[in-house]
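Q:
Protein chains: 2
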Amino acid sequence: MGRPTVHDIAKEAGVSLATVDRVLNARPGVREKTIARVQQAVDRLGYIRDTNAANLARQRQYNFAFILPEGSSQFANALQDALQEAYTSQVADRTHLRVLRVPLHNPHAIVRTLRSLNLERLDGLALMVPETPQVRDAVSRIKDSGVAVVTLVSDLPNSRRDFFVGVDSIAAGRTAALLMGRFAKTSGEVLVVTDSLRSRDSLDRRLGFDQIMRNDFNNLKILPSLESYGDPDRMKRIIERTVAQRPRLIGVYSMGSGNTTLLSALRNSGTLEALTVLTHELTPSMRRALKDDEVAAVIAQNVGHLARSALRVLRNLCDNFPIFEAQERVRIEVILRENLP
Amino acid sequence: MGRPTVHDIAKEAGVSLATVDRVLNARPGVREKTIARVQQAVDRLGYIRDTNAANLARQRQYNFAFILPEGSSQFANALQDALQEAYTSQVADRTHLRVLRVPLHNPHAIVRTLRSLNLERLDGLALMVPETPQVRDAVSRIKDSGVAVVTLVSDLPNSRRDFFVGVDSIAAGRTAALLMGRFAKTSGEVLVVTDSLRSRDSLDRRLGFDQIMRNDFNNLKILPSLESYGDPDRMKRIIERTVAQRPRLIGVYSMGSGNTTLLSALRNSGTLEALTVLTHELTPSMRRALKDDEVAAVIAQNVGHLARSALRVLRNLCDNFPIFEAQERVRIEVILRENLP
DNA sequence: ATTGAAAAGAGGTACGTTCCTCAGATATGC
DNA sequence: GCATATCTGAGGAACGTACCTCTTTTCAAT
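Sequence lines, in order, name chains A and B. Numbering that gives the first Met the number 0 puts the first residue of the first sequence at 0, with every later residue one more than the last. Numbering that gives the first Met the number 0 puts the first residue of the second sequence at 0, with every later residue one more than the last.
1. So T193(B) and G255(B) are supposed to be a Cβ contact under 8 Å. How far apart are they, rounded?
2. Taking the alpha helix (DSSP H) that E137(B) falls in, what are its first and last residues?
3. Can you tell which of D20(B), F323(B) and I221(B) has its C-alpha closest to the C-alpha of F162(B)?
4. Quick test of your reading: A306(B) and L78(B), contact by CB under 8 Å. State the CB separation rounded to the nearest angstrom.
5. I109(B): buried (16+ other C-beta within 10 angstroms of its C-beta) or exposed?
6. Verify the CB distance criterion: does F182(B) have a CB-CB separation below 8 Å to chain A?
7. Could you tell me which of E69(A), R93(A), V98(A) and G70(A) sits nearest to A81(A), measuring between CA atoms?
8. Does the beta-carbon distance from G172(B) to D154(B) come in below 8 Å?
9. Measuring CB atoms only, is the stretch 56-70 of chain B touching the stretch 124-139 of chain B, in the sense that at least three cross pairs come out at less than 8 Å?
10. What residue range does the beta strand (DSSP E) around R97(B) cover?
11. Against chain B, does N54(A) count as a neighbour if the rule is that its beta carbon must be under 8 Å from one of theirs?
12. What is the rounded straight-line gap between the Cα of G180(B) and the Cα of R330(B)?
13. To be precise: take each residue of the stretch 162-190 of chain B, compare its Cβ to all Cβ atoms of chain A, and keep it if any distance is under 8 Å. Which residues remain?
14. Taking only runs of the beta strand (DSSP E) that begin and end inside the stretch 147-192 of chain B, which ones reach a length of at least 3 residues, in chain order?
15. Helix, strand or coil, according to DSSP, for E119(B) in the structure here?
16. Quick check: the Cα distance between A227(B) and R311(B), rounded to an integer number of angstroms?
17. For P3(B), name the three-state secondary structure that DSSP assigns.
18. Just the Cα atoms here: how many angstroms apart are F208(A) and R199(A)?
19. Determine the direct distance from the alpha carbon of G229(B) to that of S195(B), and round the result to whole angstroms.
20. Who are the Cβ neighbours of E11(A) in its own chain at under 7 Å, not counting the five residues just before and after it?
21. Check whether the stretch 232-245 of chain B touches the stretch 259-279 of chain B, taking contact to mean three or more Cβ pairs, one atom from each stretch, closer than 8 Å.
22. Under 8 Å, do V19(B) and A9(B) count as touching if we go by C-beta distance?
23. Cβ of L222(B) within 7 Å of any heavy atom in the ligand SAH?
24. Given a threshold of 16 other Cβ atoms within 10 Å of its Cβ, counted over all protein chains shown, does A17(A) qualify as buried or as exposed?
25. Does any residue of chain A have a CB that is nearer than 8 Å to the CB of E324(B)?
26. Is it buried or exposed for A175(A), if we count other Cβ within 10 angstroms and need 16 for buried?
27. Comparing the C-beta of R330(A) with each C-beta of chain B, is any distance below 8 Å?
28. Can you round the beta-carbon distance between A288(B) and V333(B) to whole angstroms, since I take them to be within the 8 Å contact cut?
29. In angstroms, rounded to a whole number, what distance separates the CA positions of A183(A) and I211(A)?
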């Protein structure tokens with residue numbers, strides 16, 4: 000005999016199929032006592048729901064929307080590709096995905112996009128946007144209409160989102176600091192660069208970076224964060240100026256994007272080779288930089304994991320299923336020249 | 000209208016359901032011309048096979064056996080747990096798993112276990128065993144009876160196995176070397192320890208380690224590998240002797256198991272704090288060692304990935320489906336104190 | 001004892017695919 | 001034009017679960 004089915008459970012528990020179904024799907028109309036009897040039968044026979052048959056019968060369609068930053072962000076593009084891949088593979092079947100791209104630095108446009116969603120036929124929403132009061136309010140409104148909301152990569156801690164899928168940015172910053180401290184051969188100064196300190200994850204990375212630096216590596220002096228505001232020219236200028244003024248610079252930690260510009264500026268200044276450079280997100284240009292020994296390590300999160308995890312969490316939220324936090328914890332990956340995937 | 004079904008394809012191509020089914024499942028009995036017509040209909044409508052319905056109807060049962068090393072190996076235990084988890088989740092449905100544990104250092108017993116398998120009702124086999132001629136022969140015999148064979152963690156390169164699921168051990172060794180070189184503050188000597196150099200992955204790790212050390216870090220001198228043969232007493236002795244004889248020792252790279260013994264020996268000698276220690280596999284004791292700053296980094300492979308990947312590959316081999324190599328490549332993870340999962 | 005709501009049973013259809021049989025059509029070689 | 005082999009069609013039964021309607025039972029409150 001193969002795997003037990005609902006029929007076997009019904010027989011074992013001495014109830015009808017309908018009752019088993021009610022218990023398994025947590026529908027009302029069953030006495031506590033009977034629920035327990037069915038549960039016991041399930042445990043005794045080791046019944047596992049056949050998800051294939053269940054999904055087939057259920058004919059459930061999940062409508063999910065993903066809001067990602069627009070523009071040239073290689074990371075967002077990679078994430079969209081990963082979603083597309085999950086969609087074509089069996090991971091996301093019976094799921095309809097809509098990916099919307101919004102301007103990262105324009106809260107107004109983000110809110111407009113959120114308002115444009117047809118909440119009637121939306122089951123879940125995944126958001127990767129900076130934290131602003133307007134966005135928090137919009138999320139509240141969306142939650143009120145019963146849509147599951149997940150934040151992606153960058154959290155909205157004080158909003159009513161159901162779950163956050165992404166890495167702990169403080170821990171990521173701490174990891175960067177540990178690498179910087181361990182890699183540094185001498186004492187000196189370390190520069191921290193980012194797009195903007197207004198984004199939650201940059202702030203948290205800096206926080207974590209400082210924690211470890213202060214505790215474990217006080218031979219290294221951390222300079223105030225420089226912000227590029229996503230502007231290559233500005234990035235170029237601030238890097239050139241800093242390098243000229245700081246002869247004791249031994250490392251650079253880049254918490255945001257614009258790393259290609261950063262590296263070319265350092266290359267032009269002739270200091271790149273002597274510096275320990277750490278960046279985030281494994282983009283094609285960072286792969287090249289690792290291979291060329293221009294970047295010592297890249298701290299990354301697996302976009303495939305992010306995509307699959309977000310989909311899984313959204314689906315479980317829609318079905319009121321529990322979420323296994325351990326499984327959804329996205330790892331902080333350390334990528335060096337020799338363990339490039 | 001929702002997703003197109005086989006019925007839609009049949010209508011679109013002007014053939015019957017049976018013919019569509021024959022084409023989709025590459026069964027014989029269909030003219031080239033008709034095959035093309037069906038293919039076109041599939042492309043035109045964008046038909047995607049509903050895997051849920053397919054699996055349900057197919058009623059395929061996959062019978063897989065896993066051969067893992069027995070004993071106290073925390074890694075093998077974790078792998079078995081991961082398999083168990085995959086089994087209870089939907090990842091492994093319609094799959095029957097048998098996990099057999101064999102003595103690692105006894106090729107004879109391994110072969111006996113392999114011979115005891117009922118090949119008639121076995122669809123796939125995953126092996127994590129050291130490479131010996133006897134094992135290679137046994138694999139040949141198993142392959143002859145049409146069973147899919149996958150090697151796990153440690154490859155059997157000259158056998159007739161279908162696929163290897165695990166990390167590139169040479170690259171893992173190179174990663175360790177890169178870390179050792181970057182972490183080292185001064186020049187000195189580095190010790191390499193392992194269970195036995197007769198196992199393929201230890202050999203490869205050493206190979207990779209030497210490559211990078213030779214090329215990039217010739218300020219560090221690598222000592223000949225020490226083998227513990229899985230014997231704690233021997234481990235203790237050889238470590239004590241080496242530490243006493245080598246005052247310029249700055250790092251230890253442990254390629255195998257027995258790390259708890261290794262660390263306690265180093266701790267007793269009073270040199271642990273000054274050493275950069277690198278190990279493999281994130282066991283509970285290595286987690287602790289990372290937190291206590293006794294181990295600088297652990298190079299690990301995700302056992303969950305290994306388990307899922309092995310199952311996926313075995314299933315695809317059974318169904319003659321293609322294997323997406325990129326998806327099955329297991330990452331070499333670098334775990335530090337701050338990015339512990 | 002009667003009532004009525006809650007709980008449980010009985011029986012059914014549907015989901016999309018696989019795989020089976022049997023009959024009918026078409027092509028191929030003589 | 002006939003036998004033979006190869007295609008194709010038609011129809012249907014399964015797979016295990018979900019979910020529907022309609023009855024029947026249970027049990028406590030009156």
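The C-beta atom is built at its ideal place from N, Cα and C for all residues, glycine as well. None of these values were measured; they are calculated from a predicted model.
A: Here's the rundown:
1. Translated into positions along the second sequence, residue 193(B) becomes position 194. Translated into positions along the second sequence, residue 255(B) becomes position 256. Indeed they touch by this definition, with Cβ atoms about 4 Å apart.
2. Translated into positions along the second sequence, residue 137(B) becomes position 138. Looking at the sequence shown, residue 137(B) is not Glu but Ala. First-last of the alpha helix (DSSP H) with A137(B): P132 to D143.
3. Translated into the one-based positions of the second sequence, residue 162(B) becomes position 163. Out of D20(B), F323(B) and I221(B), F323(B) has the C-alpha closest to the C-alpha of F162(B).
4. Here residue 306(B) is taken as the residue at index 307 of the second sequence, counted from 1. Here residue 78(B) is taken as the residue at index 79 of the second sequence, counted from 1. About 6 Å; that satisfies the 8 Å criterion.
5. Reading the second sequence from its first residue, position 110 is the one you call residue 109(B). Buried.
6. As a first step, residue 182(B) is located in the second sequence; it is residue number 183 there, counting from the start. Closer than 8 Å to some Cβ of chain A, the Cβ of F182(B) qualifies, so yes.
7. Numbered from 1 along the first sequence, position 82 holds the residue referred to as residue 81(A). With distances taken between Cα atoms, A81(A) lies closest to V98(A).
8. For the purposes of this step, residue 172(B) is taken as the residue at position 173 of the second sequence. For the purposes of this step, residue 154(B) is taken as the residue at position 155 of the second sequence. No, the pair does not count as a contact, with Cβ atoms beyond the cut-off.
9. yes
10. Taking the second sequence and counting its residues from 1, one reaches residue 97(B) at position 98. Note, R97(B): beta strand (DSSP E), T94 to V101.
11. By one-based count along the first sequence, residue 54(A) stands at place 55. N54(A) counts as touching chain B.
12. Your numbering for residue 180(B) matches position 181 in the second sequence. Your numbering for residue 330(B) matches position 331 in the second sequence. Roughly 21 Å between the two C-alpha positions.
13. A170, A171, R173, T174, A176, L177, L178, R181, F182 and K184
14. 147-151 and 162-164
15. Indexing the second sequence from 1 puts residue 119(B) at position 120. Residue state, collapsed to three classes: helix.
16. Translated into positions along the second sequence, residue 227(B) becomes position 228. Translated into positions along the second sequence, residue 311(B) becomes position 312. The question names Ala, but residue 227(B) is Ser in the sequence shown. Straight-line Cα distance between these residues: approximately 35 Å.
17. Counting from one through the second sequence, the residue named residue 3(B) turns up at place 4. The answer is coil: DSSP assigns P3(B) none of H, G, I, E or B.
18. Locating residue 208(A) in the first sequence gives position 209, where the first residue counts as 1. Locating residue 199(A) in the first sequence gives position 200, where the first residue counts as 1. Their Cα atoms are separated by approximately 14 Å.
19. Here residue 195(B) refers to the residue found at position 196 when the second sequence is read from its first residue. Here residue 229(B) refers to the residue found at position 230 when the second sequence is read from its first residue. Looking at the two C-alpha atoms, the distance is approximately 8 Å.
20. Walking along the first sequence from the start, residue 11(A) turns up at place 12. Hits under 7 Å: A40, R43 and L44.
21. yes
22. Indexing the second sequence from 1 puts residue 19(B) at position 20. Indexing the second sequence from 1 puts residue 9(B) at position 10. Yes, Cβ-Cβ distance for V19(B) and A9(B) is below 8 Å.
23. Among the ligands in the structure shown, none appear at all, so the ligand SAH cannot be discussed.
24. Residue 17(A) sits at position 18 when you count from the first residue of the first sequence. It counts as exposed.
25. Against the second sequence, residue 324(B) aligns to sequence position 325. Closer than 8 Å: no.
26. Your numbering for residue 175(A) matches position 176 in the first sequence. With 16 or more Cβ atoms within 10 Å of its Cβ, A175(A) is classed as buried.
27. Within the first sequence, numbered from 1, the residue matching residue 330(A) stands at position 331. Taking Cβ atoms only, chain B reaches closer than 8 Å to R330(A), which makes this a yes.
28. Here residue 288(B) is taken as the residue at index 289 of the second sequence, counted from 1. Here residue 333(B) is taken as the residue at index 334 of the second sequence, counted from 1. That belief does not hold up - the Cβ atoms of A288(B) and V333(B) are roughly 15 Å apart, past 8 Å.
29. Position 184 of the first sequence, counted from the start, is the residue given in the question as residue 183(A). Position 212 of the first sequence, counted from the start, is the residue given in the question as residue 211(A). Taking the straight line joining both Cα atoms gives about 14 Å.
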